[in-house]
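Using the numbering used here, the letters of the sequence shown map in sequence onto residues -3 to 182. No residue lacks a Cβ here, since even glycine has one placed at the ideal position from N, Cα and C. Step one of this worksheet: look at the structure below.
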Amino acid sequence: MDLSQLKKKVEECRVCGLCETRNNVVFGEGSVDADIMFIGEAPGQTEDETGRPFVGRAGQLFDKYLVAVGLCREQVYICNTIKCRPPKNRDPLPEEQAACLEYLREQTRIIDPKLIVCLGRIAAFRIISPDFRITRDHGVFYERKGKILTAVYHPSALLRDPRKKDDMLADMMKIKEKADELAKRS
Ligand code: URA
């Protein structure tokens, strides 16, 4: 299956209850050849309205970090652990996460990034480890099945607590350096 076939499948998905309340599926966007794949939690209101990931306030802040380290959205791939907005932005339920997990796996297989960056604790919990603690473990690199995994603060956490912004910039710089190093190796 290629990315557009997977996108069509996800857009037609009715496996969990979120299909009743969504306006748009937020599949993900960016380069199919990206070395870096950023994975957030779940679409918010603006994302649900537009069908695009990370385009609300948090997303606009995230874009500034991409630019600050010399990246842009067209160069990376950005998506979420679940593709439909939970009502009132509540945390996704385990069954909603489970229903979407296979889509995320397939999306990751197709993009085949060198580096996977979880945006926030929910994605890090799902993708890196249930023991992951974002305040303790952000910016740490892990290796699994030939891929490098890491996590940074969710951009909404930076909006709530700007004191985390220095750590975010340092982590994003390390990520860019690591991506450059991995690109040179291949
Ligand atoms: N928060 C997320 O985790 N994902 C989005 O796409 C937007 C906000």
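Query                                                                                                                                                : Result
Counting Cβ pairs closer than 8 Å, one from the stretch 46 to 64 and one from the stretch 84 to 96, do we hit at least three?                        : no
Is it the case that the Cβ atoms of Gly116 and Asp167 are separated by a distance below 8 Å?                                                         : no
Quick one: residues in its chain with C-beta nearer than 6 Å to the C-beta of Pro82, no 5 flanking neighbours on either side, listed in chain order? : Ala38 and Pro88
Is the beta carbon of Ile35 closer than 8 Å to that of Ala94?                                                                                        : no
Taking the DSSP output, what are the residues bridged to Lys143?                                                                                     : Arg140
Which same chain residues, not among the five before or five after Phe137, have their C-beta less than 6 Å away from its C-beta?                     : Ile144 and Thr146
Quick check on this structure: which residue in Arg105, Cys96, Asp163 and Arg132 has the alpha carbon closest to the alpha carbon of Ile32?          : Arg105
Within the present structure, is the beta-carbon of Ala153 separated from the nearest heavy atom of the ligand URA by less than 7 Å?                 : no
Taking the beta carbon of Ala179 as the centre, do at least 16 other beta carbons fall within 10 Å, making it buried, or is it exposed?              : exposed
Determine the direct distance from the alpha carbon of Glu177 to that of Lys4, and round the result to whole angstroms.                              : 35 Å
Let's test the definition: count the other Cβ atoms within 10 Å of the Cβ of Gln103 and tell me whether it reaches 16, buried, or not, exposed.      : buried
What whole-angstrom Cβ distance do Asp44 and Arg69 have, given they're in contact under 8 Å?                                                         : The Cβ separation is near 19 Å, so there is no contact.
Using DSSP's beta-bridge definition, name the partner residues of Phe34.                                                                             : Ile74 and Val113
If contacts are defined as beta-carbon pairs under 8 Å, then Ser27 and Tyr73 qualify, I think. What distance do you get, rounded to the angstrom?    : 6 Å
To which residues of the same chain is Lys170 closer than 7 Å at the C-beta, ignoring the five residues directly before and after it?                : Gly135
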